[in-house]
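Reading through the structure tokens given below for one structure.
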Amino acid sequence: MKFLVLKVEHFRCVRQAELHFSEGLNVLYGPNDLGKSSLAEAIRAVLLLQQTSTHAAEFLPWDGGGAPQVELTFETEAQRIWRVRKTFGELPSAFLEESRNGLDFQLAARGRDVQGRVSELLQWGVGSPGGRSRPRGMPSSFLSTALLADQDRVAAIFDQELSEDLDESGKRWLTEALEAMAEDPVFKAVLQRVQDKVDEAFSATGRRRTGKNSPWVQIRAQLKAAQEYQNHCAEESNKTKAIELEIHELREQQVEKQEKLEQAKQILQQIEESHQQTEKRHEISARLSAKVAELNHVNESFQALENAQTELVTCSAQIEDCREALKAAEDRLNKAKEEESAQQEKLRRLESGDHAKEVLLQKGNFEKRKAELDRDLAETNSKLEHLESIKQSHDGLESLGAEVDELATAVDQLKGRERELLKTSDTLKRQEEELLAVKSFIRWQSAKREFEEAEQGLKQLSELREEAQQKRDEAQQILINDSAVSLPSTEKLAALERLHQELQLASAGLDVGLSVDIKPKRRLSVAVSSDGAESVRQELEESPVKISAARTLELDIEDVAEIQVLGGSEDVRKRVEELEGRWQSQSETVFRAAGVNSLEELQRAVHAANTNSEKVKELNQAAGQLDQRIADLPDWQARIAERRQDLTQAESDLEDQDRSALQSLARESGLGTETDVEDRLTPLGEERSRCSEESRQVERELAGQETALTEHRKRFREAKEGLDKATDKFDRPWQQLLPELEAVRENAESEIKRIDEQLMAIATEEDSALPESREALNAAEQSRAEAERLHKEAGQKLQGAELKQATLRGEIEQRLEATAKLDREAASKQVQDIQAELDAVPEPAQEISDELLERAKGMVEAASTELEGVEENIQAKRGALEQVGGSVAKEREELAEEELTRAQEQEHEMEVDYEAWQLLRDTLREAEQDEGGHLGRALAEPIAARFGNLTKGRYGAFALGPGLGTEGLGAAGDIRHVSSLSVGTREQLSTVFRLALAEELGTALVLDDQLTQSDTERMGWLGNYIREVAGKIQVIVLTCRPDEYLSANEEEAGAGAETHVSSQDLLNVIERS
Amino acid sequence: MALKILHTADWHLGRRFGFSDEDNLKLSRARLDAVERILGVAESYAVDAVLCAGDLFDDSAPTEDWWRGLPKLFQSRSWESRPVFLLPGNHDALLPNSVWAPDHPFRRELPSWVHVIDRDDFEFELSDEAVLYAVPCRSRAGAEDPALRLPNRQPHDERIRIGLVHGQTFDIKDHQTNFPISADAAAQRGLNYLAIGDTHAFREVQPSAQAPTVYPGTPEATNFKETDTGFVAVVFFPRGGRKPLVNKESVSRWSWRAECCSSLQELEDLSRQDLQTSVVRLALEMDVSLPQLDRAEAILRELKGTEAAHGRAGVFEVDRSGLKLNTSNLDEFAQELPDVLQTTLERLQSLQQGERAAVAERAIYHLYRSFQEEGR
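Listed in order, the protein sequences are those of chains A and B. Here the working numbering is used: position 615 in the first sequence is 615, and no number is missing along the way. In short: position in the second sequence from 1, add 1073, done, that's the working numbering.
This is the structure we're talking about:
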């Protein structure tokens, strides 16, 4: 950008001005207060400030006439010329016009829109009205500050950076401009190569290329062909697989149907077999039945013969039996007849008197014997009763004796228990006594310890009191000692020290070094004193002597002169004298009061006094602390009396106890405290109480048992005496007599019972003998009649048997004849053979009907039909398979899949490769942006180079931040902030910075009296530099010292010898208000 | 010796391979070259007949480029006394519009001594002592055993009986429909030799059988999985009904090699081999530094070829998925770079842990390569 024309009216002090700018350097000069800065402000106002801004009030003309108006014509690029005109004040207005030739302008914007358009054209980052919140006043940005330099704010550029701009336009412009500067040639080459690769595959918008040379097109065509081929093959293969699957299924069905048919056939076969078996068995069975019937007939014939023969034998036996039975019947009959005769004789005899007599005699004998036995029995019973009573007495005595023994045992046990309890009680008592003694011992020990502790406490108390007193005494002594002298205060001592130091310093001015050469012309006696030291006399011959001193030298030449040589100037000596006077007057009093002779001694004394004071403080503090410790201790005085009393009491409790024994006992028993002893005593006391209680109970029981024992013993003695008396009359022990008498009694009772039975039998016989005899006769008669009947029956049976025997013999003869004609074995064999034949034919599980057989045949037929149907289908599918490709299709599908996979992999690989190129390209650009984004790196180097030139290498690198914020300047190995530079150097650096920036941007730069503090040399260098830069861009310098920028000729001519230098005397341009 | 025959099969002329067009052409041409060598072997053994047991074309209707070359090979010979029998297989089935159709130009260009088996009852007397029976495939798939469709040996027929069919001698689930051939079909039909095709590996089905049933396999492999390929069978029939002798004769030139290199040294070693007639599928399983990667890429370019130069491998494909760039120490490289490129490298390195790790890794390599070419 460059400025072409500036017209200003009623702007501050400028009533009117019109300036035409040239390319290159424009030096606008004029005296102070002419309005140069107003022109610069007018440019700022027309470019940056909204015409309605209240800030415009500052532009009002000083003479009060007319509204401030500024018009600026500028060119942004070739044939793009803009004219902006703004009127500020009460009726603000703004116009922006555009022209290609600088003559014909067309309105581009007006009013409020003007500022927005101008900001866009400038790209200075000042934002647009209504954009981001603009601060009040003149808008400012990094570039507006840099390019429209303000005379008052030369160094403002160092405090500004791009991040503070109101919009990004300035940063964008700078970035674009400086990026090219940052580009590395290697980077550029790499980026170009990468971009070329990316361009092979991607369009500028990042889309994949679709042209015929695009690699994507080729790979996609390949992929598409592979995909289509794969689809085709897959289709063919799928058809094949489908048909194969169908065939497979049909085959399974076929197998199923075959199995079904086989099953049906098997069932039919089984049914048919069963049916045949049944038929055959029926036929065999019929034959068997016939043969069995024949065999049965034969067997029956033989059986009948055998039966007849057996019956004949039986019949013969029966005949024999009948004969024997007849004989037996005859014998029985005979016996019955004899018995009848005997019974008849017996009855007859009973009915006579002999039998009665015999019975009476027998009865009398029995009764006599019974009476004898009754007597003996009575006597025996009497004896036995006596013996029974003796036995009872004896048993009672034995029982009593056992009770006596039991009681005696119980009494003994109770006595034993009583003794045990007594013993236990004694033991417990002893233990209790021991424990009580231990307890007393422990109490004594405790009391003793406490007494000793009290004694110790009392001793410590005394020691502490003594120590506290000592410390107080020591502190008192120090105070007394210190009070003997009067030392100056710290401030006074410091004043003395300062005075002394001053004197020392002043005296040092006298130490100039003195040297006197004496060349005696004759022998001299000279006393020499150097620097106030004691004089030394020496004899000088004619040879020369050199005498030296630092400050003073006194020579006493005997008989000649006394010479004093003083070092230092007169002023110094006076000063020293004055200080010495002051020192004498001030130090003497103090030294005297303090009792010292020098400042060092005084310092030591003050130091010692300070130390003593600290020590006194410490001693008093220590004494206070001891007092506190004493106060914190118990009142041992009071306590020691109590403890002595306790000890005395404990001593008396121990009396004559062996303390060492008690100590051993306590240690062995683990008893340390009285509580330990109490813990032991409590169960011991309880145990002793339990013993006493039991002892009392045992005593009570013993008394009762002893009374009972005495009673029982008395009863025992009495019973024994009675028993002895009762048994005295027996010659043998009564225990032997008792079983003997019991045996006698038993025998007698047994004999009496037998006699009673015999007597009873006799009585019964007497009553039944006759009737019985009659009954026996009747029985004998009946028996005889019965024997006669049996005899008759036996005769009849014998006749019947004999008849049957004859019949059977006739029958047997007939049957023998008949059976002789029959073959029994042959018949049997025939039956066996047929049976075997029947057995050989297995019996069917079930009866097979014709209907069942027909149904089975139907099943076979249906299964066969189904199988044929499936097989026809299989054939049809095989035909279809032959048409679709079979394994060929599957092989091709496999191949096509491989081909497709390969193409996909190639595509993927290509994608990765090109995406990698794309990623690399993007990353390169990002890195480039980042590097370029750090605008400071790009710009700082040329600035530093220029500035280094200007300052002859005095300063190093110029550090600029990413947003061009100034970070500092390298100097003496360090980075220093520019504020540390001199004003002149700062304004020079600012100017170089602005020039470099404007040069990089290729835009106009306005410098408003920037270099006011620069020396001639640097000004010369800067002038040249400005000219050099102005060869590339437009530089407008407003100055009151044109000679610093222009040669004399240029100033006069208004235009430089160089075409790019022009000047205007503003006196001729500006019309002031 | 009563008879000598050459038995071949599965030429698969016109087969696709799924590589680049150029590579596909190499491999396809190689198959026709193999046929030329087969005919040379037939001549060198002075066989009495050449039996081609099916799948001679990869498709029953190949494009002219593929069927045109075969008659030319035959035409260059005068084998009136050495008949050649071409059997349609399941790939090139005898279909109405196939290359075998009587009115197909291919048929017209075949010399008279080249016989196409286009009848189910094909019978040809090779000599007074030998006869050939053959059954063609009439479809791509079939469930019938073509060998069992050959006629039985008749009583008093003492000739050498040779069968020629195409199919598979196993009957497993997935192949049940592909012309199954009974393993004892030769014995069943009283054949002295059953010449079959389909399986690409050389195989004598039942070595102990009196009448051999033989697959000669394909003369050039068709993929990496196939083994024992590249042969024809030259069969010698002694007189007196004794068992024929089967000679396995190599005719292949190409090898299919699936290789894996786990170090740059292995890759260097591989690259030094003669791979001109190899189809190489190379898997790289290695971690390499940038210079190593650069060297590896250079070798790969040599093997694959560039627009300016043929590759050193006949056909070459590479799986880079196992090729990892070790970027743990790029300091040396970084130090050489200008600031902006250093920043670029750092940014790319930071992307290596993310989703675009592979792309970032490749980009680092591109940066390295570009800097090598532009920065020095």
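Don't be surprised by glycine CBs; every beta carbon is placed ideally from N, CA and C.
- Residue contact check for aspartate 184 (chain A) against chain B: a CB pair falls below 8 angstroms.
- 8 angstroms or more divides the Cβ of cysteine 1210 (chain B) from the Cβ of leucine 1183 (chain B).
- Residue pairing for arginine 80 (chain A): DSSP places it in a beta bridge opposite A:Glu77.
- Interface annotation for the stretch 193-213 of chain A against chain B: Arg193, Val194 and Lys197, criterion Cβ-Cβ distance under 9 angstroms.
- Close to leucine 1421 (chain B), with beta-carbon spacing below 8 angstroms, are these residues of chain A in chain order: Leu919, Leu920 and Thr923.
- Between the stretch 1038-1047 of chain A and the stretch 1000-1019 of chain A there are three or more inter-stretch CB-CB distances shorter than 8 angstroms, so the stretches are counted as touching.
- A residue is called buried once 16 or more other Cβ atoms fall within 10 Å of its Cβ, and alanine 402 (chain A), having fewer, is exposed.
- In this structure, the straight-line span from the alpha carbon of valine 411 (chain A) to that of arginine 690 (chain A) is close to 22 angstroms.
- Not flagged as an interface residue toward chain A: serine 1154 (chain B), since no C-beta distance is shorter than 8 angstroms.
- Among the residues of chain B, those whose CB is under 7 angstroms from the CB of serine 887 (chain A) are Asn1163, Ala1214, His1248 and Asn1251, following chain order.
- For phenylalanine 1444 (chain B), the nearest beta carbon of chain A is closer than 8 angstroms to its own beta carbon.
- Counting only Cβ-Cβ distances below 7 angstroms, valine 217 (chain A) has no contacts in chain B at all, with the closest Cβ about 15 angstroms away.
- At a C-beta separation below 9 angstroms, glutamate 1390 (chain B) has these neighbours in chain A: Arg902, Glu905 and Gln906.
- Non-local beta-carbon contacts of leucine 540 (chain A) in its own chain, meaning distances under 8 angstroms to residues more than five positions away in sequence, involve Ile518, Pro520, Arg523, Leu524, Ser525 and Val526 in chain order.
- Taking 8 angstroms as the CB threshold, alanine 1436 (chain B) lines the interface with chain A.
- For a cut-off of 8 angstroms, the C-beta gap from leucine 1100 (chain B) to valine 1352 (chain B) is around 7 angstroms, short enough to register as a contact.
- The Cβ of threonine 1272 (chain B) sits no closer than 8 angstroms to any Cβ of chain A.
- Following the DSSP letters along the chain, one finds arginine 1354 (chain B) inside the beta strand (DSSP E) bounded by residues 1348-1357.
- Closer than 7 angstroms at the C-beta level to chain B, one finds no residue of the stretch 854-875 of chain A.
- Listed in chain order, the alpha helix (DSSP H) runs fully inside the stretch 271-345 of chain A amount to none, counting runs of at least 4 residues.
- Per DSSP, the continuous beta strand (DSSP E) segment holding tyrosine 1266 (chain B) begins and ends at 1266-1270.
- Rounded to the nearest whole angstrom, the CA to CA distance from arginine 976 (chain A) to threonine 951 (chain A) is 15 angstroms.
- The beta strand (DSSP E) runs of length 3 or more contained entirely in the stretch 1152-1229 of chain B are, from start to end of the chain, 1157-1159, 1187-1189, 1195-1198 and 1203-1207.
- Every beta strand (DSSP E) of 3 residues or more that sits fully in the stretch 554-619 of chain A is shown, in chain order, as 561-566.
- In the DSSP assignment, glutamine 16 (chain A) falls outside any alpha helix (DSSP H) and lies within the beta strand (DSSP E) extending over 14-20.
- Residues of chain B with a Cβ closer than 7 angstroms to the Cβ of glutamate 915 (chain A) are, in chain order, Val1432.
- When the five nearest sequence neighbours on each side are left out, the beta carbons in the same chain lying within less than 7 angstroms of the beta carbon of leucine 350 (chain A) are those of Ala769, Leu770 and Ser773, in order along the chain.
- For arginine 110 (chain A), the enclosing beta strand (DSSP E) has its first and last residue at 106-110.
- Residues of chain B whose Cβ lies closer than 7 angstroms to the Cβ of leucine 4 (chain A) do not exist; the shortest such Cβ separation is about 40 angstroms.
- Put simply, of B:Asp1412, B:Asp1301 and B:Thr1286 the residue whose alpha carbon is nearest the alpha carbon of glutamate 1293 (chain B) is B:Asp1301.
- The C-alpha of cysteine 315 (chain A) is placed about 9 angstroms away from the C-alpha of leucine 808 (chain A).
- In the structure shown, the three-state DSSP call for asparagine 481 (chain A) is helix.
- For the pair arginine 1222 (chain B) and glycine 1215 (chain B), the Cα-to-Cα distance works out to about 13 angstroms.
- Annotated three-state conformation of histidine 1060 (chain A) is coil, per DSSP.
- Within the stretch 1214-1246 of chain B, the residues whose Cβ lies closer than 7 angstroms to any Cβ of chain A are, in chain order, Ala1214, Gly1215 and Ala1216.
- Taking the Cα positions, phenylalanine 716 (chain A) is about 8 angstroms away from valine 404 (chain A).
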